[in-house]
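Step one of this worksheet: look at the structure below.
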Amino acid sequence: MTSDEFEVGRVVLAKAGRDKGKDFIIIQRLDDEYVLIADGAGRTIDKPKKKKVRHLKPRPALDQELKQRLETGARVLDADIRKSLKSLGYEN
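Per numbering that gives the first Met the number 0: the sequence shown = residues 0 to 91.
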């Protein structure tokens with residue numbers, strides 16, 4: 000498992016837990032084992048879910064613009080995350 004599979008801005012599928020089967024975007028990488036994910040609806044940017052990467056399946060989609068905004072500390076809204084998931088073809 001490479002670390003860039005779970006980079007900020009990557010779309011991931013939850014494989015375990017209450018969120019199983021739903022798509023999210025990684026909004027922050029905590030360490031090699033944990034990331035913070037949000038979908039802009041049930042899991043907002045203000046209350047992201049801390050998830051182990053082994054419980055996530057990386058999708059091929061990566062939102063470069065959202066990644067850049069998250070990494071530079073620019074303001075990101077829940078609507079931006081929902082719009083990104085929808086435009087990349089992942090809707091829950």
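Cβ coordinates follow ideal geometry from the N, Cα and C atoms, glycine included.
In this structure, does DSSP put residue i in helix, strand or coil?
i: I44; result: coil
i: K85; result: helix
i: A60; result: strand
i: D22; result: strand
i: L65; result: helix
i: R53; result: helix
i: A73; result: coil
i: E90; result: coil
If I follow the unbroken beta strand (DSSP E) through residue i, where does it start and stop?
i: A37; result: 33-37
i: L12; result: 9-13
So, under 8 Å CB-CB, residue i and residue j are touching, yes? Tell me the CB distance rounded to an integer number of Å.
i: K66; j: V7; result: 5 Å
i: E32; j: K51; result: 6 Å
i: K56; j: K14; result: 5 Å
i: D62; j: L29; result: No, D62 and L29 are not in contact; Cβ-Cβ is about 20 Å, not under 8 Å.
Would you mind sorting residue i into buried or exposed? The rule is 16 or more other CB atoms within 10 Å of its CB.
i: D22; result: buried
i: L84; result: buried
i: G39; result: buried
i: P59; result: exposed
Against chain D, does residue i count as a neighbour if the rule is that its beta carbon must be under 7 Å from one of theirs?
i: Y33; result: In the displayed structure, chain D is absent; only one protein chain is listed.
Strictly by DSSP, which residues pair up with residue i?
i: R28; result: V34
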